[in-house]
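Chains as they are written, first to last, in the numbering used here: chain E, 1 to 73; chain D, 1 to 263; chain H, 1 to 374.
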Amino acid sequence: MSEKIKIKIDREFCKGCGICIKYCPRDVLDESDDLNQYDNHFPEVVRSERCISCRRCELYCPDFAIEVKEEKE
Amino acid sequence: MINAEMIKEKYVRNHPSPFCPGCGGGMVLNAMSRAVEKSGLEKEDVAAVSGIGCAAWIPSPHWRVDTLHTTHGRAVAFASGIKIANRDLEVMVVSGDGDCAGIGGNHLLHGARNNIDLNVLMVNNGLYAMTGGQVAPTTEHGEETLTTPHGNPSSSFEAAEVVKAAGASHVARWTTYHMDELIEEVEKAINTEGFSFIEVLAQCPTRKGKKEGMDGLDMLEWYKNNTSKEKDRDKLYVGTLADIERPELTQEIYRQIEGFRGD
Amino acid sequence: MMNPGEYFIEGNIACAEAAMKAGVKFFGGYPITPASEIMNHLSDELPKVGGRFVQMEDEIASIASVIGSSWTGLKSMTATSGPGFSLMQENLGYAVMTETPCVIVNVQRAGPSTGQATKPGTGDVMQSRFGSQGDYEIIALSPNSAQEMFDQTVRAFNLAERYRTPVVMLADAGVGQMREKVTIPGEVEGEERKRPTSDEKEFFDTDDEDYVPPMPDFGDGYELLVTGSTHLGDGTRDTASFSAQDRLVRRLVAKIEENRTEIEDWEEHHVEGADLVVVSYGSMSRPAKGAVQKAREDGKDVGFFRPKTMWPSPEKRLKEIGKNSKVLLVELSLRGYRMEVERCVGSEDFYVHDRLNSLPTIEEVHQKIEEVLR
Numbered sequence: 001m002s003e004k005i006k007i008k009i010d011r012e013f014c015k016g017c018g019i020c021i022k023y024c025p026r027d028v029l030d031e032s033d034d035l036n037q038y039d040n041h042f043p044e045v046v047r048s049e050r051c052i053s054c055r056r057c058e059l060y061c062p063d064f065a066i067e068v069k070e071e072k073e
Numbered sequence: 001m002i003n004a005e006m007i008k009e010k011y012v013r014n015h016p017s018p019f020c021p022g023c024g025g026g027m028v029l030n031a032m033s034r035a036v037e038k039s040g041l042e043k044e045d046v047a048a049v050s051g052i053g054c055a056a057w058i059p060s061p062h063w064r065v066d067t068l069h070t071t072h073g074r075a076v077a078f079a080s081g082i083k084i085a086n087r088d089l090e091v092m093v094v095s096g097d098g099d100c101a102g103i104g105g106n107h108l109l110h111g112a113r114n115n116i117d118l119n120v121l122m123v124n125n126g127l128y129a130m131t132g133g134q135v136a137p138t139t140e141h142g143e144e145t146l147t148t149p150h151g152n153p154s155s156s157f158e159a160a161e162v163v164k165a166a167g168a169s170h171v172a173r174w175t176t177y178h179m180d181e182l183i184e185e186v187e188k189a190i191n192t193e194g195f196s197f198i199e200v201l202a203q204c205p206t207r208k209g210k211k212e213g214m215d216g217l218d219m220l221e222w223y224k225n226n227t228s229k230e231k232d233r234d235k236l237y238v239g240t241l242a243d244i245e246r247p248e249l250t251q252e253i254y255r256q257i258e259g260f261r262g263d
Numbered sequence: 001m002m003n004p005g006e007y008f009i010e011g012n013i014a015c016a017e018a019a020m021k022a023g024v025k026f027f028g029g030y031p032i033t034p035a036s037e038i039m040n041h042l043s044d045e046l047p048k049v050g051g052r053f054v055q056m057e058d059e060i061a062s063i064a065s066v067i068g069s070s071w072t073g074l075k076s077m078t079a080t081s082g083p084g085f086s087l088m089q090e091n092l093g094y095a096v097m098t099e100t101p102c103v104i105v106n107v108q109r110a111g112p113s114t115g116q117a118t119k120p121g122t123g124d125v126m127q128s129r130f131g132s133q134g135d136y137e138i139i140a141l142s143p144n145s146a147q148e149m150f151d152q153t154v155r156a157f158n159l160a161e162r163y164r165t166p167v168v169m170l171a172d173a174g175v176g177q178m179r180e181k182v183t184i185p186g187e188v189e190g191e192e193r194k195r196p197t198s199d200e201k202e203f204f205d206t207d208d209e210d211y212v213p214p215m216p217d218f219g220d221g222y223e224l225l226v227t228g229s230t231h232l233g234d235g236t237r238d239t240a241s242f243s244a245q246d247r248l249v250r251r252l253v254a255k256i257e258e259n260r261t262e263i264e265d266w267e268e269h270h271v272e273g274a275d276l277v278v279v280s281y282g283s284m285s286r287p288a289k290g291a292v293q294k295a296r297e298d299g300k301d302v303g304f305f306r307p308k309t310m311w312p313s314p315e316k317r318l319k320e321i322g323k324n325s326k327v328l329l330v331e332l333s334l335r336g337y338r339m340e341v342e343r344c345v346g347s348e349d350f351y352v353h354d355r356l357n358s359l360p361t362i363e364e365v366h367q368k369i370e371e372v373l374r
């Protein structure tokens with residue numbers, strides 16, 4: 001990930017369905033070992049450098065739990 | 001720019017939702033919100049009407065517009081009253097397959113016949129989910145559900161084809177796998193003067209998926225592999241089924257009223 | 001719309017004209033005997049005064065469209081008879097729960113079921129009060145002439161807007177389809193619903209003394225949450241908590257109950273100290289009143305009492321009457337209002353003259369009066 005892109009995962013909203021992980025075309029995300037308050041494995045950013053900010057994760061997340069933020073220089 | 005942050009801020013409320021993990025309901029909410037944003041409509045000009053069932057909870061209380069959460073099956077009828085009373089409102093109806101094509105089937109038919117300018121999203125998960133997974137008018141022949149434990153002795157009907165035959169201006173079918181196409185189709189529906197009906201196949205991992213060993217993601221993949229944008233006899237067609245011009249009820253009513261105004 | 005003046009018209013036409021005078025701007029309905037004249041007339045006249053008329057696919061859709069319309073700020077109504085009124089019950093409860101002002105005219109006919117479509121009856125009195133599921137109170141009016149079809153229709157709209165509630169006009173085929181002289185006034189007193197005044201956010205709860213919260217319209221930008229599920233003051237659904245159910249349902253009931261002295265209306269003559277008071281309503285009250293007059297001409301001390309609001313019933317007044325006089329209920333059904341009147345006046349010295357299919361002669365009721373007084 002260029003330093004300008006940040007992926008924000010809302011653990012309170014995430015239900016651990018794994019759709020974002022599967023539909024990321026660049027394999028940026030992976031399932032966490034930790035559990036959130038609902039006992040769900042939320043996604044973790046594991047290959048941040050690969051993110052191209054295509055926002056497929058935002059489009060497919062059923063719970064508005066993931067946001068891609070591009071910070072302007 | 002349309003992104004999750006602004007959609008969440010502007011259109012979404014009362015989250016996290018009570019929808020099950022992997023449920024398609026939130027994806028429909030996302031698609032509707034993006035379509036409204038793309039269309040350039042002001043939020044206060046949008047009214048959302050729903051009936052009873054999981055799909056009815058998509059707008060109420062989760063969509064940040066005026067919402068009318070009504071009785072089972074009657075959303076199209078309530079919505080017709082809103083539209084005829086105030087034609088400046090863009091009226092969306094979100095209804096499950098049982099709500100829309102089962103108990104509300106007659107209102108659906110006559111909404112289409114009237115070609116009243118509503119945008120109906122029939123969120124089709126193939127059964128009655130909220131009550132435990134009973135057979136619906138959209139359940140395939142032979143399929144096992146809570147109330148067809150020996151297989152569905154009845155058969156399903158193609159709601160979209162029925163609505164098309166009844167005279168709706170705009171009819172389409174998509175799935176939650178087809179998010180881009182769905183957003184575009186809802187925007188088209190908004191811009192159509194007439195009855196728009198979009199069947200959205202949406203996954204129910206809890207009542208339907210579980211008995212078939214699938215989670216929400218598996219069901220999205222199933223949609224991907226078993227639908228086609230081309231007419232293919234082995235796959236379910238997704239795309240536009242009808243796009244015609246016909247007189248629209250609200251405009252006809254207003255035309256008559258205006259005819260009596262002495263200018 | 002008719003000019004002010006005197007006309008010789010059917011009660012149903014008077015009802016339609018009154019609705020327009022009261023400012024109705026939406027009618028959604030479905031044909032049914034003996035109420036159709038209301039919609040027939042409005043289909044012709046309403047568009048001329050800028051109102052929307054729509055014939056829906058059934059009565060369920062009719063009342064649904066009326067409720068939808070009311071949420072855009074329009075005075076809205078439907079009209080039907082027993083079979084259609086039965087179909088409307090679920091959505092009538094929805095209007096109660098969501099506090100949606102609307103008027104439902106039920107021109108009652110002889111039931112049960114399809115019964116006798118062209119014959120009058122008053123068998124829907126209890127249904128109008130108890131027909132939808134759950135605990136609630138409602139307002140129901142009872143006209144007994146074509147003139148009252150006019151006057152009470154106006155009042156029905158005013159009560160609906162004042163108390164943010166559905167109001168049922170319990171007419172019957174007798175008054176609906178009878179032609180008689182009706183005076184149409186130039187203007188009528190019109191009530192408007194309570195609107196939000198500032199940046200209020202609660203449209204489903206209030207601390208106001210009248211129990212009526214303000215009601216905005218769809219399109220005003222309030223991002224309204226309207227639901228038939230139990231809800232909090234801001235409209236958010238709460239399907240589980242004790243406090244939400246308790247606060248909402250108690251207020252909905254109190255809204256009618258605590259305002260009943262303002263709502264209740266009746267006609268009475270020679271009731272004080274009478275040996276016998278004849279209680280009657282609707283078209284049946286006319287031969288009943290005639291019989292009372294005849295008995296009085298004979299020197300009998302007989303009074304006459306006619307509820308104009310069936311719900312809330314004139315409970316207190318009926319109780320007073322029951323304490324001091326014998327009561328004879330004269331009604332065009334076997335079970336119409338009987339339980340409520342008997343509850344108020346007591347079973348002792350309570351008599352009933354019931355009749356089906358058509359109005360009795362004055363002589364028939366008079367004979368019953370003599371029998372009771374004997």
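The C-beta atom is built at its ideal place from N, Cα and C for all residues, glycine as well.
To the nearest angstrom, how far is it from the Cα of residue i to the Cα of residue j?
i	j	result
isoleucine 257/D	threonine 250/D	11 Å
tyrosine 7/H	proline 185/H	11 Å
threonine 183/H	arginine 306/H	21 Å
alanine 254/H	tyrosine 163/H	11 Å
threonine 145/D	aspartate 97/D	15 Å
serine 2/E	leucine 121/D	In this prediction, serine 2/E scores a pLDDT of 49, lower than 50, which makes its location untrustworthy; no coordinate-derived value is stated.
alanine 159/D	glycine 239/D	14 Å
arginine 207/D	glutamate 331/H	54 Å
Nearest to residue i by alpha carbon, out of the options?
i	options	result
threonine 122/H	Ile263/H, His366/H, Pro143/H, Asp298/H	Pro143/H
lysine 224/D	Arg207/D, Glu37/D, Glu185/D, Ala202/D	Ala202/D
glutamate 191/H	Met178/H, Ala173/H, Asn158/H, Ser283/H	Asn158/H
glutamine 116/H	Tyr222/H, Pro312/H, Leu356/H, Thr261/H	Leu356/H
glutamate 371/H	Trp71/H, Leu225/H, Ala295/H, Leu74/H	Ala295/H
threonine 176/D	His15/D, Pro247/D, Met27/D, Gly22/D	Met27/D
glutamate 181/D	Ile5/E, Leu59/E, Ala65/E	Leu59/E
phenylalanine 42/E	Ile5/E, Lys6/E, Asp10/E	Asp10/E
leucine 225/H	Leu41/D, Leu29/D, Pro59/D	Pro59/D
glycine 18/E	Leu220/D, Val76/D, Lys235/D	Leu220/D
Check whether the Cβ of residue i lies closer than 8 Å to any Cβ atom in chain H.
i	result
threonine 131/D	no
phenylalanine 260/D	yes
glycine 81/D	yes
Would you say residue i touches the ligand PLP, meaning its beta carbon is less than 7 Å from a heavy atom?
i	result
threonine 183/H	Here there are no bound small molecules, and the ligand PLP is not part of this structure.
So, is the C-beta of residue i closer than 8 Å to a C-beta in chain E?
i	result
serine 169/D	no
asparagine 3/D	yes
proline 16/D	yes
Kindly say whether residue i, judged by its beta-carbon, lies nearer than 8 Å to any beta-carbon of chain D.
i	result
glutamate 67/E	yes
isoleucine 19/E	yes
methionine 2/H	no
arginine 11/E	no
asparagine 36/E	no
lysine 22/E	yes
glycine 23/H	no
leucine 29/E	no
lysine 75/H	no
proline 62/E	yes
arginine 55/E	yes
Assign residue i to one of two classes, buried (16 or more other C-beta atoms within 10 Å of its C-beta) or exposed (fewer than that).
i	result
glycine 134/H	exposed
arginine 173/D	buried
histidine 150/D	exposed
isoleucine 104/H	buried
glutamine 108/H	buried
glycine 111/D	buried
glutamate 282/D	The structure shown does not extend to residue 282/D, since chain D is modelled only from 1 to 263, so the question has no answer here.
glycine 303/H	buried
isoleucine 84/D	buried
Note to self: To be precise: take each residue of the segment 183-199 of chain D, compare its Cβ to all Cβ atoms of chain E, and keep it if any distance is under 7 Å. Which residues remain?
What the structure shows: none
Note to self: Beta carbons nearer than 8 Å to chain D: which residues of the segment 147-181 of chain H have them?
What the structure shows: none
Checklist line | Residues of the segment 54-72 of chain D with Cβ closer than 7 Å to any Cβ of chain B, in chain order | finding: Among the protein chains of the structure shown, namely E, D and H, there is no chain B.
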